[in-house]
Structure formats: C-alpha cells, structure tokens
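To keep things clear, I will list the structure first and then write my remarks on it.
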Ligand SMILES: *Cc1c(COP(=O)(O)O)cnc(C)c1O
C-alpha cells in the first residue's frame with residue numbers, strides 16, 4: 001500500500017487554473033503533412049536577406065533535432081527537456097505556472113542570482129529568504145542553511161525553492177545528497193529548482209561535478225536549469241532549458257510563447273553541440289579552472305583584498321577594504337567587473353568573471369597599482 005505522500009504528483013504544485021490549460025494552438029501544433037502550406041499566413045516569397053529562404057516559415061515550437069541533442073548532451077530523455085530563451089525564460093515560466101499571484105511564495109537563499117526575485121515580483125508571489133551563510137574559515141565556501149530554508153518554505157507556503165549550484169555570485173557548489181534530501185523533505189509542497197548555469201566548471205574530487213539531473217529518477221519535484229550561455233559561449237543566442245518530469249514540462253510548454261526558439265538560434269546551437277565544439281568547450285573548462293585557481297591565489301596576496309572566496313564557477317567573489325576605490329581603479333584600467341555592493345551581505349564585494357590569462361593579469365595589475373597609489 002502506498003502512502004498518501006507517495007501519490008503526490010508534481011501536477012499538484014501547478015496552479016489549479018492551469019492544470020488543464022491548453023495554451024495557444026499554433027499552426028505548428030497539429031501534425032499534418034502536405035506540399036503546399038497555406039495555414040499560417042506566412043509569406044510565399046522569401047526576404048532577400050534570408051539567403052536560404054527558410055525563415056519565412058514559423059519555426060518548430062521545440063526544434064526536434066536540438067531537443068534530442070540537448071537531451072543527449074545532458075543525459076536525459078527529450079520529453080524531460082524544454083528549450084527556452086535562455087534559462088531566464090524557464091525561471092519565469094516556472095514561477096508563473098506554479099505560483100498563484102498574491103498568494104504563493106518562492107524561497108531563496110540570498111545573496112543569489114536576481115532573476116528569481118524579479119520573476120516572483122512580476123507574478124506578485126511572495127519572496128521568502130533564508131540568508132546564505134558566509135563561512136568563517138578562510139578558503140571555505142558559502143552554504144545555504146538548508147534546515148532554515150526548508151522550514152521557511154514549508155511554513156510560508158513556498159511553491160518553489162531556488163537553489164543555485166554553483167551559486168552566483170558566491171561560487172559554492174551544493175552536494176547532490178543534500179539537494180536530494182531537501183527535495184524529499186518538501187515533496188508534495190514545493191518544487192526544488194536547481195540552477196546549474198555554471199555546473200560544467202565545477203569539480204568534485206578532481207572530476208567534473210555531477211548534475212542534479214541524476215536525481216530526477218524517482219523524484220518529480222526537482223527541476224534543473226541548464227544553459228548554453230556560459231560554458232558554450234552562446235549568451236547572445238538565448239538558448240537554455242529546464243529539465244524536469246515530463247508532466248511538468250508539458251505544463252510549461254503550454255504556458256510558453258508559441259514559437260519561443262528562433263530558427264537561426266536553434267541551428268547555431270545544434271552546431272555548437274557537435275563533438276568538435278564540445279571538445280573545445282572542454283578545453284575552455286580546463287583553461288577557466290586553471291585561471292580561476294591562479295586568480296584566486298593572486299587575489300589572496302593582493303593588498304586591499306580583504307577576502308576572496310573559492311568559486312566553482314567561472315568567476316570569483318572578493319571583498320575589499322575599499323570596494324569603491326577598487327572598482328574605480330579597475331574601470332580606469334578599462335576593466336569592468338560586477339559591483340555587488342547592493343546585494344545583502346556583500347557591501348564590500350565585487351564579482352570578477354574569469355577572463356583570458358592576459359585579462360586576468362590586467363585585473364591583478366590594476367589592483368596592485370591601487371595599493372601603490374594609496
Ligand atoms: C547567467 C545565469 C543564468 C542565465 O542564463 P541564460 O540561459 O542566459 O538566461 C541563469 N542562472 C544563473 C545563476 C546565471 O548566472
């Protein structure tokens with residue numbers, strides 16, 4: 001006999017008014033065949049700028065070849081995966097599909113990526129916050145207080161808990177066992193969204209860190225966000241995806257725009273996932289990891305740097321004696337970094353993306369010049 005909780009479906013977490021919502025029925029929804037297509041009011045003649053003449057047609061809502069390839073690369077089934085305009089779109093879809101405006105909440109552990117709160121605001125969902133813990137030991141990583149986050153989520157009616165691993169801007173990687181236990185503890189009450197925008201850069205015991213997609217088997221209240229914007233160097237193409245239970249993917253698809261993936265972007269993304277391109281991406285990972293370690297070591301001995309945190313992504317977070325002066329000095333040297341001072345707990349911090357070896361050397365040189373000038 002199964003217990004009531006084991007019968008809980010992820011569909012129970014979806015807004016009741018959307019559970020049977022069919023969404024827009026586009027000209028590409030029906031699978032029909034023909035030679036003469038006159039069903040979508042498309043142009044019968046191509047634009048001269050459209051050299052191959054392929055763009056006069058609306059694209060597939062979920063480009064099949066790309067979906068299959070992404071599924072292969074991420075080690076999941078195609079029906080578990082929804083492609084969107086960056087993982088940003090997935091965040092928005094999840095919040096809108098699960099949170100009843102003016103009633104439900106999301107839970108986060110700030111400082112964290114700002115889009116979770118932005119999407120919650122737009123949906124008029126409450127935002128519950130359990131602060132991320134700043135480690136006292138030098139060289140240690142930030143960590144979410146998962147007990148506090150769980151209690152907050154359960155007591156406050158959170159439909160979604162966002163976990164970011166590696167965390168942006170703090171750089172920590174979460175253990176999969178902790179994510180699994182967390183998801184099991186909130187099952188039937190909340191969906192756990194694991195944002196893995198930077199997971200490819202993360203290491204675990206000297207090997208590539210595993211994705212939370214490995215937790216999906218037997219768990220329908222985990223959704224994983226992946227993107228081509230960071231490792232795959234395609235931020236401008238806006239291709240990201242959410243990987244989750246097919247039932248949830250279906251719901252999200254029905255809430256999404258009719259043709260969310262521009263055809264040129266889908267084609268480019270497919271080429272960017274070819275074996276040779278993936279091998280180059282792997283080489284970039286090695287370079288970023290090596291440069292990240294070098295920059296970390298250099299910043300630790302840079303005067304004026306109060307603290308630098310180890311980071312599992314392609315960036316480092318550092319505290320400064322005078323963050324304003326450091327920011328300005330970098331800017332004067334032509335180096336633009338992310339000012340984090342408005343974020344909670346980060347009043348003296350800057351986030352520095354890992355650049356090329358030359359770019360990172362310029363960062364270190366500019367910061368050392370700051371001290372000499374002072
Ligand atoms: C960059 C980033 C994203 C956005 O990715 P897109 O796919 O470009 O929308 C998502 N989450 C985090 C934590 C990020 O830092």
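In the working numbering, the protein residues as written are 1 to 374.
Even glycine gets a Cβ: it sits at the ideal position worked out from N, Cα and C.
A quick note: this is a predicted structure, and the numbers were derived from the prediction, not measured.
Ends of the beta strand (DSSP E) at residue i?
{"i": "residue 195", "result": "191-195"}
{"i": "residue 224", "result": "222-227"}
{"i": "residue 270", "result": "First-last for residue 270: 263-272, but that is the alpha helix (DSSP H), not the beta strand (DSSP E)."}
{"i": "residue 129", "result": "126-129"}
{"i": "residue 160", "result": "158-164"}
{"i": "residue 329", "result": "That residue, residue 329, is in no beta strand (DSSP E); its alpha helix (DSSP H) goes 323-332."}
{"i": "residue 350", "result": "349-353"}
{"i": "residue 107", "result": "105-108"}
Tell me whether residue i sits in a helix, a strand or coil according to DSSP, three-state version.
{"i": "residue 119", "result": "helix"}
{"i": "residue 243", "result": "strand"}
{"i": "residue 42", "result": "coil"}
{"i": "residue 170", "result": "coil"}
{"i": "residue 70", "result": "helix"}
{"i": "residue 250", "result": "helix"}
{"i": "residue 312", "result": "coil"}
{"i": "residue 98", "result": "helix"}
{"i": "residue 143", "result": "strand"}
{"i": "residue 358", "result": "helix"}
{"i": "residue 233", "result": "coil"}
{"i": "residue 48", "result": "coil"}
{"i": "residue 91", "result": "helix"}
{"i": "residue 305", "result": "strand"}
{"i": "residue 199", "result": "helix"}
{"i": "residue 84", "result": "strand"}
{"i": "residue 319", "result": "strand"}
{"i": "residue 19", "result": "coil"}
{"i": "residue 208", "result": "strand"}
{"i": "residue 219", "result": "coil"}
{"i": "residue 338", "result": "strand"}
{"i": "residue 56", "result": "coil"}
{"i": "residue 133", "result": "strand"}
{"i": "residue 150", "result": "helix"}
Thinking residue i and residue j are a contact (beta carbons under 8 Å), I'd like their distance in whole angstroms, please.
{"i": "residue 298", "j": "residue 364", "result": "5 Å"}
{"i": "residue 209", "j": "residue 254", "result": "The Cβ separation is near 33 Å, so there is no contact."}
{"i": "residue 185", "j": "residue 150", "result": "5 Å"}
{"i": "residue 191", "j": "residue 159", "result": "7 Å"}
{"i": "residue 105", "j": "residue 157", "result": "5 Å"}
{"i": "residue 66", "j": "residue 207", "result": "Not confirmed; about 28 Å, so no contact."}
{"i": "residue 56", "j": "residue 50", "result": "7 Å"}
{"i": "residue 97", "j": "residue 18", "result": "6 Å"}
With a threshold of 7 Å on Cβ separation, who are the neighbours of residue i within its own chain once the five nearest residues in sequence on each side are excluded?
{"i": "residue 339", "result": "327 and 350"}
{"i": "residue 189", "result": "154"}
{"i": "residue 357", "result": "291"}
{"i": "residue 116", "result": "91, 106, 108 and 162"}
{"i": "residue 41", "result": "none"}
Verify the CB distance criterion: does residue i have a CB-CB separation below 9 Å to chain C?
{"i": "residue 188", "result": "Reference to chain C is not applicable here, since this structure consists of a single protein chain."}
Just to confirm, does residue i get its C-beta within under 8 Å of one of the non-hydrogen atoms of ligand 1?
{"i": "residue 141", "result": "no"}
{"i": "residue 230", "result": "yes"}
{"i": "residue 198", "result": "yes"}
{"i": "residue 238", "result": "yes"}
{"i": "residue 109", "result": "no"}
{"i": "residue 172", "result": "no"}
{"i": "residue 376", "result": "No answer is possible for residue 376: it lies beyond the span of the chain, which begins at 1 and ends at 374."}
{"i": "residue 311", "result": "no"}
{"i": "residue 160", "result": "no"}
{"i": "residue 379", "result": "Nothing can be reported for residue 379: it is not among the residues displayed for the chain, which extend from 1 to 374."}
{"i": "residue 265", "result": "no"}
{"i": "residue 225", "result": "yes"}
{"i": "residue 235", "result": "yes"}
{"i": "residue 353", "result": "no"}
{"i": "residue 164", "result": "yes"}
{"i": "residue 21", "result": "no"}
{"i": "residue 208", "result": "no"}
{"i": "residue 113", "result": "yes"}
{"i": "residue 124", "result": "no"}
Can you give me the start and stop residues for the alpha helix (DSSP H) that residue i sits inside?
{"i": "residue 296", "result": "275-300"}
{"i": "residue 179", "result": "176-185"}
Once you ignore the five residues that flank residue i on each side, which residues in its own chain have a CB closer than 6 Å to its CB?
{"i": "residue 309", "result": "171 and 317"}
{"i": "residue 4", "result": "Low confidence applies to residue 4: its pLDDT is 44, below 50, so where it sits in the model is not reliable enough to give any reading."}
{"i": "residue 344", "result": "110 and 111"}
{"i": "residue 180", "result": "215"}
{"i": "residue 31", "result": "none"}
Just to confirm my understanding: we take residue i, look at its own chain, exclude 5 residues before and 5 after, and list those with CB closer than 8 Å. What are they?
{"i": "residue 87", "result": "195, 197, 225, 226, 227, 229, 240, 241 and 242"}
{"i": "residue 426", "result": "The requested residue 426 does not occur in the structure, where the chain is confined to residues 1 to 374."}
{"i": "residue 284", "result": "231 and 233"}
{"i": "residue 260", "result": "61, 83, 84, 85 and 89"}
{"i": "residue 295", "result": "316, 352, 354, 360, 363 and 364"}
Quick one: is the Cβ of residue i within less than 8 Å of any heavy atom of ligand 3?
{"i": "residue 342", "result": "Ligands displayed in this structure: ligand 1; ligand 3 is not among them."}
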